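*Asks:* I'd like to ask you about the structure that follows.
Protein chains in written order, with the working numbering: chain A, 1 to 165; chain B, 1001 to 1709; chain C, 2001 to 2127.
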C-alpha cells in the first residue's frame, strides 16, 4: 500500500507527483500533497449519519479526529459499489479539513511533467470539467487529473456548510 | 558589553500595563469622593506610576509616558492631601484611563497614538490641576518637541547638535535608542525635518508641541535638579538650562565615574562633555556615601558565570492559551485510550488478571483526576465578565438620567474560558436592556411608589454541571399587551390566552423589539434572538420571568464546559447515541395505558400528570431494525429549555463521561446532532442535540377531550 | 562564592529589564516584589548589593531601606535606588535613610552596570 510522501514540488523541471487511484474502469490522479494517508475500508468503523446523501457514508475515528467518509463511486455512479479487501479509503488533507474518499483501489504514485498533461474536454456526464485539471498520459494510460480540493469543497459534495454571504 | 534589546520586554509591559489600568478603573469606580480611602488613592497612584516608569524606561512610548506622568503628578498631590478630590476629577481620571488604554493598544499595534486625543487629555488634566489650586489655566504656547525613535546614539547626538543650531534647546531626553529635544525656534517644522533627514528617515521623526518634561528644571528655577535624571543624558550634547547650584566637588568626581549622589545637585553640563561613564573610577576614589558596616561586601567574582536568577516572586505563571488547549486535547485523548483499554481489559478473566485489572482501576482514577485538574485550568471566575459592568452602568445611567445601583453576586463562580468570552456580548445586551427599557426614571419610579434608585443584580452560581447566570432588575417588567400587539403586527400567530411564559418567548423572534424608540443604547437591532442563539450555541438556554411593575429576571443556564459531557449511551437499532445527562430527567418502560394518540398520528406519553410528546429516535435518524413499539423499548424523559418530551430508544447502554469532539471541523452541522465522541471501542458515537429533538414533534397543545386511546 | 544582586520592584517589566541588564553583565540576580520579601531574601541569601524601586505597595523603598539599616547584619549592604519617582523629596529621604545612590528610571543599561560595579568594588570606608 502506497504511503504519502511529501516532497517539494518543482513543476518547472521535474513535474508534479500524483497519486493514481481507480474508480470502476478509469484511473484518476490527484496531487500527492493532498494525500494524508491511505487506509483499508472498514464498514464497522464508520458511524452512519442520518438524512444525508447516500454517498456520504458517515464519520470515522482517525486517531481521535472525526473524519467524514465519502464514497466517490456512489457519488459519480462509477463502477460497482462493493466493499472488499481491495477497497481503499484515501484520507485527504485539504486546507485544514480532513476528509476520506472511498475508491476501488490505489495503483501508483507517478510523476507527470507539463508535456504529459493536456487539457480535459468537457465530458458532460457526472464529473464536470470544472473539477478537472487535465488529462495525463503516461505509457498507454490515461489519467483523469482531478482538482480534488475544489471537488470536495463544492456544494454538490455536501461536505461543507456554505455560509450565507 | 552587549546592548540589551529592550523590545523583547514590550509584551510583558503591555500585559502588565493592561492589568494596572483595569485595577485603576476598579479603584476609581469604588472611590468615595467625599471620603476617599487613602490606601485606594495610593494604589491608584502606584498604578499610574508603574506604567509611567515602564513607558519611560523604553523611551519608545512618549505619548504614554507623558500622559501617565501628568496623571501621576495629579494623583500624587491628591493622595498627599495637597489637592481635594472632586467627582469631575474622577471622571477625568476614568477618561484618562481610557486614553491610556487606547495608547497602549496603538503601541501594541506598532502605531503612534492619536495626537489630538493626547493633547486633549493632557490639557484636561493640567487644567484640573491648575483649577484645583485656584489658578486660572494659562494658555501657554507649548514648546516644539522633536522626537526621534530607533536612532543610534551618535546620530542622536548629531541631531541634538543640529537643533542647537536651529534655535534654543530647552531640554533633551535621550534613552537607549530614542531622542527627544524641546526647543524654541523660528524655524518651521519643515525646516527641522529637512535637517534631520540628513541623518535619519522621515518615519523616525515626529514633531509636536509638548510641555517640557516635568522633571526638567525650568529655565529660571532654582537648581535642585535631580542629579540623577540629569545625568541620564549621557555624554552628549546638551544645551541644558541653568546649571544647578554649586555642589560639592566630590559630587563632580562621583559624576565622572558614573554615580549620582542622592539629592546633590551636580553640574551636569560640564560633565556632559566627558566620555560616557564606561571609564570607571578614573578620578581616584569618588566619594560614594556608604554606611559600610562590617563584613566583606566586595563583589568578588563579579565575572562569574551568570547563574539563573532565582525569583522570590508571586506563584503564578503566564501560559499561552494554545498550550492549555493542547494539554486539554492530549488529556482527552488519554481518557479515550484509557477507556479503550478498560473495555478490552473487561473481557479478561478477573482472577487470572487481577493485578492488571487493579491497575486499570487505578489508571481510570488517575485519568479522571488528571482530566478534572486540567479542565480547571481553563476555568475563570465570572468576575472577569462582571467587572466590565460597573463602568457601563455608570456611563449609561449618567447618559439616561437614571439612578441605578449595581450588585454582583457570585463573582468567584468559575466558567470555562471560551464560554466566558462568549457570554460577554449576550450579557451586555441584557444589561443594556434592563438599564434602558427595564428600569424606569426616578420620577416614574417615585410615581409608582418605588425607591428612585433602581436595583440591577448580576448573579452567577453553579447548579450541578451547569452555571446559572441571572440579570435581575426591579424595573417596570415586560409589558404583555405590548408584546402581543407587536407580535400580531409582525404577523406572528398569537393566542390571547397564552401563558406569560409563552408570551415572553415571543421576544426571541428575529427582529422583535417593543421599544418605542430604538435608542442607541440597546436598540441596535441585534435583538434577543441573537442573544438566544448565542446561548444555544454554547449549549445553554435562556429563560425570562417578569412581573408587571415589579421587574424582570433573565436566567441563563450554561454547561460548565463544552469539552466533556456526562452522557447516557443508548442503543437504537445497531447504532449507539449519547444523550447529555443533564437533560435527562428519568427513563421508564412505557405501558400501553400511558400512550395516547393526538390528531391522528402524534403520540404522547402520560407521565405523572403530564402529557409529553413522544419523539422516536429511529424516525428522526432514519434507523432500520430499531424497536418501533414503545412498550418494547425505553422512553427517556428529557427536558430542553421549557420543553419536556419522551425520547424513544431501544435500550439503555450505560452512563459515562465522554470527551466531546467537534463534528464541524471536518464536516458540517448535522440536524439533531450536537457533537460526537469516541467510544471505548474506538467507534464514533453521535451526541444528540436535545433542543432540536424536542421540536421534532410539533408542539401540541394538549386538550384532554382530544385524546383517544 | 559569587554574591547575588537583589532586585526589588513591584513591576514585572522593570524586574525583567533590570535582571536582564545585570545578568548580561555577569552577575547572579535574585528578585523580590516588595520590601518585605526583599528583607526575607537579604536575611537568608548571600547578597552583595541591592537595587530597589522606591514606590511599591506594602513595604515601600523607604520602609525597606529603614528596616535594612536597622538590622546590624544587613546595614552594610550597598543599596542603589532605581526609581521613576521624580521628587527631590524622595531622593533626600533616600539619602537620609542610607541609600548609596539614586538612579532615575530610563537608565541606560551601561550606566546601571557601571554604578553597580562601582558600589561593589569600593573598599570599606568608615561611616
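Think of the CB as a built atom: it goes at the ideal place given N, C-alpha and C, for glycine as much as any other residue. Note that the coordinates shown come from a computational prediction; the quantities given were computed from them, not determined experimentally.
Given a cut-off of 8 Å, decide if residue 1556/B and residue 1623/B are closer than it, judged by their beta-carbon atoms.
*Replies:* no
*Asks:* Taking residue 1679/B and residue 1576/B to be in contact with their CB atoms under 8 Å, please state how far apart those CB atoms are, rounded to whole angstroms.
*Replies:* Indeed they touch by this definition, with Cβ atoms about 7 Å apart.
*Asks:* Entirely within the stretch 69 to 150 of chain A and at least 3 residues each: give me those beta strand (DSSP E) ranges in chain order.
*Replies:* 88 to 94, 97 to 103, 105 to 112, 132 to 138, 141 to 146
*Asks:* Looking at the unbroken beta strand (DSSP E) that takes in residue 1571/B, where does it start and where does it end?
*Replies:* From DSSP, the beta strand (DSSP E) with residue 1571/B extends over 1564 to 1572.
*Asks:* Would you say the stretch 2038 to 2052 of chain C touches the stretch 2087 to 2098 of chain C, given that touching needs at least three Cβ pairs under 8 Å?
*Replies:* Contact between the stretch 2038 to 2052 of chain C and the stretch 2087 to 2098 of chain C is absent, because fewer than three Cβ pairs lie under 8 Å.
*Asks:* Tell me the residue span of the beta strand (DSSP E) that contains residue 1469/B.
*Replies:* 1466 to 1473
*Asks:* Start and end of the alpha helix (DSSP H) containing residue 2109/C?
*Replies:* 2109 to 2121
*Asks:* Looking at the structure shown, is residue 1017/B part of a helix, part of a strand, or coil, going by DSSP?
*Replies:* Residue 1017/B: helix per DSSP, three-state reduction.
*Asks:* Quick one: Cα of residue 1694/B to Cα of residue 1395/B, how far?
*Replies:* 42 Å
*Asks:* Measure the Cβ-Cβ separation of residue 1688/B and residue 1673/B and say whether it is below 8 Å.
*Replies:* yes
*Asks:* Does residue 1382/B come out as helix, strand or coil in the three-state DSSP assignment?
*Replies:* If DSSP states are grouped into helix, strand and coil, residue 1382/B belongs with coil.
*Asks:* Contact criterion: CB-CB distance below 8 Å. Does residue 7/A meet it with respect to chain B?
*Replies:* Reliability fails at residue 7/A, whose pLDDT of 38 lies under 50, so the model's placement of it is uncertain and no value is given.
*Asks:* For residue 1463/B, count neighbouring Cβ atoms within 10 angstroms of its own Cβ and tell me buried if that reaches 16, exposed if not.
*Replies:* exposed
*Asks:* Have a look at residue 1010/B and residue 1052/B and give me their C-alpha separation to the nearest angstrom.
*Replies:* 14 Å
*Asks:* List the whole-angstrom C-beta distance separating residue 1204/B from residue 1148/B, where the pair is believed to meet the contact cut-off of C-beta under 8 Å.
*Replies:* Indeed, because the Cβ distance is near 5 Å, the residues count as touching under 8 Å.
*Asks:* Confirm, please, whether the CB-CB distance from residue 1446/B to residue 1404/B is below 8 Å.
*Replies:* No, the pair does not count as a contact, with Cβ atoms beyond the cut-off.
*Asks:* By alpha-carbon positions, which one of 1629/B, 1638/B, 1632/B ends up nearest to residue 1611/B?
*Replies:* 1638/B
*Asks:* Can you give me the C-alpha to C-alpha distance between residue 154/A and residue 130/A, rounded to a whole angstrom?
*Replies:* 11 Å
*Asks:* Residue 1257/B by DSSP, collapsed to three states: which one?
*Replies:* Confidence at residue 1257/B is low in this model, with a pLDDT of 37, below 50, so the placement of that residue is unreliable and no value is reported for it.
*Asks:* From the DSSP secondary-structure annotation, give me the bridge partner or partners of residue 1332/B.
*Replies:* In the DSSP secondary-structure assignment, residue 1332/B is not bridged to any residue.
*Asks:* Buried or exposed, going by whether 16 or more other CB atoms sit within 10 Å of the CB of residue 1229/B?
*Replies:* Confidence is the limiting factor: at residue 1229/B the pLDDT is only 32, short of 50, which leaves the residue's position unreliable, though a coordinate-based value still follows. Under this definition residue 1229/B is a buried residue.
*Asks:* Kindly say whether residue 2012/C, judged by its beta-carbon, lies nearer than 8 Å to any beta-carbon of chain B.
*Replies:* yes
*Asks:* Do the stretch 1110 to 1128 of chain B and the stretch 1081 to 1097 of chain B touch if we need at least three Cβ pairs shorter than 8 Å?
*Replies:* Three or more beta-carbon pairs separated by less than 8 Å link the stretch 1110 to 1128 of chain B to the stretch 1081 to 1097 of chain B, which places the two stretches in contact.
*Asks:* If we require 4 or more residues per run, which alpha helix (DSSP H) segments fall completely within the stretch 1482 to 1513 of chain B?
*Replies:* Complete alpha helix (DSSP H) runs here, min 4: 1500 to 1505.
*Asks:* If you measure beta-carbon to beta-carbon, which residues of the stretch 1067 to 1080 of chain B are closer than 9 Å to chain C?
*Replies:* The stretch 1067 to 1080 of chain B vs chain C, Cβ under 9 Å: 1069, 1072, 1073, 1076.
*Asks:* Does the CB of residue 66/A have a neighbour CB from chain B at under 8 Å?
*Replies:* Answer yes: the Cβ-Cβ gap between residue 66/A and chain B drops below 8 Å somewhere.
*Asks:* Quick one: list the residues of chain A neighbouring residue 1669/B, beta-carbon separation under 9 Å, in chain order.
*Replies:* For the C-beta of residue 1669/B, the chain A residues within less than 9 Å are, from N- to C-terminus, 161.
*Asks:* My assumption, with CB atoms under 8 Å, is that residue 90/A sits in contact with residue 65/A. Please give the rounded CB distance.
*Replies:* Your pair residue 90/A and residue 65/A does not check out as a contact, with CB atoms roughly 16 Å apart and the cut at 8 Å.
*Asks:* Considering only residues of the stretch 1093 to 1181 of chain B, which uninterrupted alpha helix (DSSP H) runs meet the minimum length of 4 residues and lie entirely inside it, listed in chain order?
*Replies:* 1115 to 1132, 1153 to 1166
*Asks:* Please list the partners that residue 2106/C has in chain B, where partner means a Cβ-to-Cβ separation under 7 Å.
*Replies:* At a C-beta separation below 7 Å, residue 2106/C has these neighbours in chain B: 1056, 1057, 1059, 1175, 1232.
*Asks:* For the beta strand (DSSP E) that residue 1647/B lies in, which residues bound it at each end?
*Replies:* 1643 to 1649
*Asks:* Would the beta-carbon of residue 2058/C fall within 8 Å of that of residue 2036/C?
*Replies:* yes
*Asks:* Exposed or buried, which one is residue 2112/C when buried takes at least 16 other CB atoms within 10 Å?
*Replies:* buried
*Asks:* Please decide whether residue 1006/B counts as near chain C, where near means a Cβ-Cβ distance under 8 Å.
*Replies:* Cβ-Cβ to chain C under 8 Å: yes for residue 1006/B.
*Asks:* Which same chain residues end up closer than 7 Å to residue 1065/B when comparing Cβ atoms and leaving out the 5 residues on each side of it in sequence?
*Replies:* 1052, 1055, 1056
*Asks:* With 16 other CB atoms within 10 Å as the buried threshold, where does residue 84/A fall?
*Replies:* exposed
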